[in-house]
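Residue numbers (our numbering): 94 to 767. Ideal Cβ positions, reconstructed from N, Cα and C, are used throughout, including at glycine. Quantities reported herein were computed from a predicted structural model and do not represent experimental measurements.
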Amino acid sequence: MKTKLIRITLKIVVAVCFVLIAGFFILDSLIKKKIRQQLTNLPPSAQVKFSAVRSSLFSSSVSFDSLEINFVPYSGLQENRHVFKFSRASLQRISFYEFLFHKKLVAGNFLLEDGNIQLDQFLMNKKDSLQAEIIKKIKWPFKTLDINSIQLRRTVVFLRTQSSNQLIARGDAGLGRVTVDTPGTRPSFSSINLHLADINYKFPQYEIGIKELELSSGRRTLSIDSFRLIPLIQNYSQAKICSLNMIGVDVMKLLNEQELLAEKIILHGSAIAINDENLKTKVLPLDLKKINANVFQVENSFVQYSDKAIVCSFRANIEFHKLNLDKPFHDDDFHFGSIRASLSGLQYSGKKYQSTTVQKIEVDSKKETMVAQNISIIPRIGKYELGRKLGHQADWMAANISSIKITKLKFQGLFQKKLFAEKMSIGKSRVYVFRDRRLERQQKILPLPVEYMATLPINIRIKTCTLATSTIEYEEYPRSGFGQTGILKITNASVTISPLINHPAASDPSYIVMNAAGSIMGSGTVHGVLMMPLQKNKPYHIKGAIERLQLTTLNSSSENLGKLRIKSGFLDFLSFDFTMTEQRSTGKIVGAYHHLIIQQLKKHTDEKNVADFASFMLRHLIIPLNKDRSLPERKRTGLVNYTRDPTRFVSYYFLQSLLMGVKKSFTLGFLLPK
């Protein structure tokens with residue numbers, strides 16, 4: 094009886110095992126059949142092919158050999174299709190129960206190996222919504238999708254055209270927790286990892302090339318090796334970056350919300366050429382709405398900016414802390430905690446036939462300082478050629494400034510076109526100006542200094558501005574004369590301006606005060622104070638003196654420009670005190686000199702011959718030999734009452750006012766040559 098029971102039990106076990114095994118194979122066959130049926134029943138726009146399919150209930154997996162997916166959205170254009178080929182594709186840890194009975198594709202990992210993806214150029218350029226609508230209308234074998242990770246290994250991507258296949262990229266990619274709530278809608282994912290190489294893609298106006306790219310949302314890093322932005326249209330912006338590294342970057346926020354948030358961004362070894370005409374042209378697929386970085390560094394980079402009027406280039410090392418751009422490429426939304434920068438080899442060229450170079454600029458917002466070294470203004474054409482090109486008189490200038498230092502500078506304001514600082518110190522400088530008076534002079538209205546500064550496109554507010562001992566040389570070719578230029582040189586010139594303001598507030602001082610001093614032609618001194626009103630309808634006020642000047646040093650300009658020779662003479666002093674409005678100047682001069690002999694040169698000759706009669710009149714009738722302090726002051730005083738020519742510079746206004754006072758100090762001064 095016991096033996097019979099054992100036999101029955103064994104038969105039952107064998108039968109159950111047989112049923113289970115048979116059921117396993119039957120179920121496995123049903124799964125394969127179901128998969129084949131679902132994939133072959135897809136519409137012609139989505140074609141799926143494979144050489145073999147394998148399933149395993151034990152490992153809950155399905156794998157395909159030689160998987161090929163074709164997306165053909167336009168039935169009349171069969172040659173235009175996206176093709177996705179993989180030597181092997183395996184879906185692991187599948188919930189077959191959910192798939193078979195609830196049409197939910199739930200799996201652990203989807204691995205795609207040895208991929209070959211061919212994207213069709215025509216379909217990529219197509220702007221209609223038909224392709225998206227076709228994807229939405231496809232009857233997928235699942236209602237929802239939830240895969241823990243999708244990985245592509247050893248994949249190459251090509252862009253296919255009628256004539257060739259262009260490599261777009263190669264490498265590996267991974268997505269974490271990929272979900273689709275409704276078939277045909279855009280999938281979402283929680284993480285992404287990319288390791289790509291040989292990236293090369295053409296947009297309508299640009300081509301982007303990247304040697305290697307690594308992106309990890311888990312590690313919060315992005316690194317790019319050898320980035321190239323190549324314009325396909327002449328004169329468009331371009332860039333080359335040796336390396337770009339981002340640490341602590343929120344990758345998902347970057348992809349989903351187009352906001353770049355990172356702890357640290359480092360650009361190394363870049364060469365960037367920016368053209369303002371297409372600066373706002375969209376280049377990258379991401380339209381960044383915000384950039385925020387705790388540290389943003391630009392190392393050993395070359396930058397060039399150009400537009401229709403200017404070209405500017407320099408090498409740069411820059412470090413921002415707490416950088417925040419709410420709207421990239423908009424100056425008003427540029428904010429930062431601090432900046433430290435070093436710019437070198439700066440070159441600037443504009444429309445005025447001259448270039449500016451700066452050897453080095455050091456910036457430190459924490460120290461609130463900016464220092465520029467060795468600034469040069471270099472003409473690009475000859476001094477006589479400038480006027481001929483322009484067709485009228487113009488100042489041809491060459492200058493060198495040893496340094497400019499700005500302290501207590503409000504850096505944030507620079508990006509809002511505000512130059513606010515405690516002090517600007519301009520180092521030892523040399524300025525040379527030439528003008529050819531033979532050409533026609535432009536008859537345009539020139540504002541006085543305060544009115545001119547108000548037109549500048551930047552708001553200036555500097556407490557004190559100083560110029561160290563410098564040399565200013567002015568050379569002029571006269572309209573008529575002896576074919577020689579006249580030169581006036583001011584040496585040891587120094588200037589202090591306080592405050593320097595071009596948009597005054599109600600609480601500001603009433604005047605900008607300028608103190609100036611120097612030496613005329615290396616002889617004697619000149620000093621003065623100019624009060625420039627910050628309130629409308631208030632006059633300018635200038636007061637100063639020229640002292641101990643050997644007058645014969647002025648012969649270069651007096652002979653060649655005024656046809657007057659100073660044979661001898663020493664100016665003890667010439668004090669001046671007058672006001673200037675937009676209409677006229679009024680005031681007085683008081684002087685003292687001795688042994689002054691002036692000779693008139695003949696006018697209608699190329700040689701500097703003395704006009705004897707005119708010189709006799711000057712010597713014996715108009716200009717006394719001595720007019721020193723022994724004479725009463727009233728006999729050494731000349732009243733200033735000069736009507737301004739608004740088409741001339743303020744320097745001419747001052748000089749003519751001064752000369753009028755000198756003429757008025759002589760009884761017959763009205764006979765003096767103009």
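A residue is called buried once 16 or more other Cβ atoms fall within 10 Å of its Cβ, and Gly617 is buried on that count. Judged by DSSP secondary structure, Asp705 falls within the alpha helix (DSSP H) whose first and last residues are 705–710. Close CB contacts of Ala685 within its chain, under the 7 Å cut and outside five residues either way in sequence, are with Asp665, Phe666, Lys720, Asp721, Arg722, Arg729 (chain order). With distances taken between CA atoms, Val344 lies nearest to Ser283 out of Gln171, Asn328, Ser283, Ile292. Only buried fits Tyr329, as 16 or more other CB atoms lie within 10 angstroms of its CB. In this structure, Phe407 lies away from Leu360, with their beta-carbon atoms at least 9 Å apart. Separation of Asn349 and Val342 (C-alpha to C-alpha, rounded to the nearest whole angstrom) is 13 Å.
Annotation for Gly754: the continuous alpha helix (DSSP H) segment containing it runs 743–757.
Boundaries for Lys503: no alpha helix (DSSP H) harbours it, and the DSSP string shows neither H nor E there. Partner residues in the beta bridge of Lys453, as assigned by DSSP, are Ser437, Gln466. Contact between the segment 530–537 and the segment 501–515 is absent: fewer than 3 CB-CB pairs across the two stretches fall below 8 Å. Residue environment for Pro166: buried (at least 16 other C-beta atoms within 10 angstroms of its C-beta). As the crow flies, the alpha-carbon of Gly264 is around 31 Å from that of Lys236. For Ala492, the pairing in a beta bridge is given by DSSP as Ile470, Val524. With respect to Ile303, Leu289 sits close: the two C-beta atoms are nearer than 9 Å.
Looking at Arg658, Phe513, Lys346, the one whose alpha-carbon comes closest to that of Ser281 is Lys346.
When the alpha-carbon of Tyr525 is set against those of Pro542, Lys516, Ser573, Trp489, the nearest one is in Trp489.
Per DSSP, reduced to three states, the secondary structure at Leu654 is helical.
Sixteen is the threshold: when 16 or more other Cβ atoms of the shown chains lie within 10 Å of the Cβ of Leu581, as they do, the residue is buried. If you keep only unbroken beta strand (DSSP E) runs of at least 3 residues inside the segment 211–298, you get 237–253, 258–273, 284–295. Between Ser678 and Ser750, the gap from beta carbon to beta carbon is short of 9 Å.
Met673 is classed as buried because its beta carbon has at least 16 other beta carbons within 10 Å across all chains shown. Contact check for Gln224 against Arg253 fails: the beta carbons are separated by 9 Å or more. Leaving aside the five residues that flank Val743 on each side, the residues in its chain whose CB is nearer than 7 Å to its CB run, in chain order, Leu541, Pro542.
It is roughly 23 Å from the alpha-carbon of Asp705 to the alpha-carbon of Pro571. Counting only the Cα atoms, Met546 lies some 14 Å from Lys629. Annotation: Gly576 is outside any alpha helix (DSSP H) and is labelled neither H nor E by DSSP.
Contact annotation: Glu700 and Pro739 have beta-carbon atoms that are not nearer than 9 Å. Nearest C-alpha to Lys383 among Ile403, Asn393, Leu353, Ala609: Leu353. Secondary structure in the segment 629–682: the beta strand (DSSP E) runs of 3 residues or longer, each lying completely within the stretch, are 633–643, 657–673 in chain order.
In the same chain as Gln535, and ignoring 5 residues on each side of it, the C-beta atoms closer than 8 Å to its own belong to His485, Gln486, Thr740, in chain order. The Cβ atoms of Arg181 and Leu160 lie closer than 9 Å to each other. About 6 Å separates the beta carbon of Ile471 from that of Gln447, a gap short enough to meet the 8 Å contact definition. DSSP places Asp207 in the strand class (E or B) of the three-state scheme. The shortest CA-to-CA distance from Thr500 to any of Ile227, Lys482, Val456, Lys537 is the one to Val456.
In terms of CA proximity to Val606, Met624 leads the group Met624, Leu416, Arg270.
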